[in-house]
Amino acid sequence: MKRKNLAPLDNESDDPIVINGLNNSFGTNVIHENLDLTVKRGQVLGIVGGSGSGKTVLLNSILGLQKPTSGDIRIFGHKLYEGSEERTRQIKAKTGVLFQSGALFSTLSVVENIMTPIMEFTRLSRTEARAIALMKMSLAGLPLRAAELAPSELSGGMIKRTALARALALDAQLLFLDEPTAGLDPIGAAAFDTLIRELADSLDLTVFMITHDLDSLYAICDEIAVLAERHVVEKGTVEVLEKSTHPWIHEYFHGPRGRLKA
Ligand SMILES: Nc1ncnc2c1ncn2[C@@H]1O[C@H](COP(=O)(O)OP(=O)(O)OP(=O)(O)O)[C@@H](O)[C@H]1O
Numbered sequence: 001m002k003r004k005n006l007a008p009l010d011n012e013s014d015d016p017i018v019i020n021g022l023n024n025s026f027g028t029n030v031i032h033e034n035l036d037l038t039v040k041r042g043q044v045l046g047i048v049g050g051s052g053s054g055k056t057v058l059l060n061s062i063l064g065l066q067k068p069t070s071g072d073i074r075i076f077g078h079k080l081y082e083g084s085e086e087r088t089r090q091i092k093a094k095t096g097v098l099f100q101s102g103a104l105f106s107t108l109s110v111v112e113n114i115m116t117p118i119m120e121f122t123r124l125s126r127t128e129a130r131a132i133a134l135m136k137m138s139l140a141g142l143p144l145r146a147a148e149l150a151p152s153e154l155s156g157g158m159i160k161r162t163a164l165a166r167a168l169a170l171d172a173q174l175l176f177l178d179e180p181t182a183g184l185d186p187i188g189a190a191a192f193d194t195l196i197r198e199l200a201d202s203l204d205l206t207v208f209m210i211t212h213d214l215d216s217l218y219a220i221c222d223e224i225a226v227l228a229e230r231h232v233v234e235k236g237t238v239e240v241l242e243k244s245t246h247p248w249i250h251e252y253f254h255g256p257r258g259r260l261k262a
């Protein structure tokens, strides 16, 4: 099938993510109940919450991977799960995802992994796609000599950077990160945080980042949304959340692993 070039989406001035009244359940297990969340353009938003609080289910709902039980999710002003296939494709082309494991294709080299979305969503030739992929490698801080390596030959940090380059291969405006620093040593994690913040600022990205890493929250997030009791219980800057009296949030910032422990 001949690939079509993607028409621009209208309403691009809308908040990139607007969620209203989201409900998700599995049988009798209610995960989200009347969850509302807005992510503003250019914002780096951290999503935190206890294990099993529904962060991954929320991410999957927003990515269109898991149809919610009910509720309204708008991406760039367009309702997910209701538009045409072409509209879904347009939205997909403007979003990049970095899954926790990297989720690289193991049989493809680094550069081929990054070329994949370019080949899928544009009519560019392989040579052109490769040139763009090499540029994205350097944007993600990868040395060009890594281009022909297989994922199995990469360090944890290089896997994350390759996945990031692939997520940004199509000039995404909205970037989803699932535990981006998990599995990295503290120095590698700090370097990756810095890279994400720099890219978010220079490329005007909106970033939705699930994390357990307090250092990442302090280093790069403009705001943090806390998932508990099946919805977003609070959203604000770290300075605001540090003062929260909500028991989970208080424990998170002031407990034994928190930065502000007494
Ligand atoms: N496909 C599914 N079928 C049934 N239950 C599911 C499914 N996916 C998730 N759940 C349940 O939804 C709840 C929330 O899971 P989720 O993975 O979103 O939590 P999380 O906040 O990402 O946790 P963690 O921080 O441990 O990764 C859990 O109770 C989980 O068992």
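Numbering (full-length UniProt numbering), first residue to last: 1 to 262.
C-beta atoms are modelled at their ideal positions from N, C-alpha and C, and glycine is treated no differently.
Candidates the options, of which the one nearest residue i by Cα
i           : options                           : result
ARG41       : ASP15, PRO151 and THR116          : ASP15
LEU59       : PHE253, GLU251, ASP204 and GLY96  : GLY96
GLY21       : LEU37, PRO151, VAL30 and GLY27    : LEU37
residue 268 : VAL232, GLY157 and VAL44          : Nothing about residue 268 can be read from this structure; the chain reaches only from 1 to 262.
LEU168      : GLU112, ASP201 and ALA133         : ALA133
GLN43       : THR181, GLU120 and ALA225         : ALA225
LEU174      : ALA129, THR107, LEU63 and THR122  : LEU63
SER146      : ALA172, LEU170, ILE114 and LEU177 : Reading off the sequence, residue 146 comes out as Ala, not Ser. Among ALA172, LEU170, ILE114 and LEU177, the Cα nearest to that of ALA146 belongs to ILE114.
residue 324 : ALA200, ARG230 and GLY255         : The structure shown has nothing for residue 324, since the chain only spans 1 to 262.
ILE215      : ARG197, ASP201 and THR206         : One point to set straight first is that residue 215 is Asp, not Ile, in the sequence displayed. When each option's Cα is compared against that of ASP215, the closest is ARG197.
PHE76       : THR28, TRP248 and THR206          : THR206
ILE19       : THR28, SER25 and HIS32            : HIS32
SER51       : LEU108, ILE17 and THR211          : THR211
LEU108      : LEU199, ALA131 and GLU148         : GLU148
GLY27       : ILE17, THR69, LYS55 and PRO256    : THR69
Residue i - DSSP class collapsed to helix/strand/coil
i      : result
ALA228 : strand
SER70  : strand
LYS235 : strand
THR56  : helix
SER61  : helix
ASP215 : helix
GLN26  : Inspection of the sequence shows that residue 26 is occupied by Phe rather than by Gln. PHE26 falls in the strand class under three-state DSSP.
LEU80  : coil
THR38  : strand
LEU98  : strand
LEU124 : coil
HIS250 : helix
LEU45  : strand
CYS221 : coil
ALA262 : Confidence at ALA262 is low in this model, with a pLDDT of 48, below 50, so its placement is unreliable and no value can be given for it.
Cβ shell of residue i (< 6 Å), same chain only, five flanking positions each side left out
i      : result
LEU6   : Confidence in LEU6 is poor, its pLDDT being 48 and thus under 50, which makes the residue's placement unreliable; the coordinate value appears in the next sentence. Excluding positions up to five away in sequence, the list reads GLN90 and ALA93.
ALA191 : none
PRO151 : LEU104 and SER106
ASP204 : GLY42
MET209 : GLY46 and LEU177
ALA200 : VAL44 and VAL207
Own chain partners of residue i with C-beta closer than 8 Å, once the 5 adjacent residues on each side are dropped
i      : result
VAL232 : LEU35, ASP36, LEU37, ALA225 and VAL226
HIS246 : VAL226, ALA228, VAL233 and GLU234
LYS67  : SER61 and TYR81
LEU142 : VAL110, MET158, ARG161, THR162 and ALA165
SER138 : LEU144
ALA129 : MET115, ILE118, MET119 and THR122
Close Cβ partners of residue i (< 7 Å) along its chain, the five nearest in sequence each way excluded
i           : result
GLY183      : GLY156
ASP213      : THR181 and ALA189
LYS4        : Low local confidence applies: a pLDDT of 47 at LYS4 is under 50, so the model's placement there is unreliable, and no value is given.
ILE100      : According to the sequence provided, residue 100 is Gln. The question's Ile does not apply to it. Hits under 7 Å: ASP178, GLU179 and ALA182.
GLU223      : GLN43, LEU45, LYS235, GLY236 and THR237
residue 270 : Look at the range of the chain in this structure, 1 to 262, and you will see that residue 270 is not part of it.
VAL30       : ARG230
LYS136      : ILE114, ALA165, LEU168 and ALA169
SER25       : ILE31 and THR69
Which runs of the alpha helix (DSSP H) spanning at least 4 residues fall entirely within the segment 139 to 212, listed in chain order? 156 to 167 and 186 to 203
Quick check on the contact list: which residues have their beta carbon closer than 5 Å to a heavy atom of ligand 3? Among the ligands modelled here, namely ligand 1, ligand 3 does not occur.
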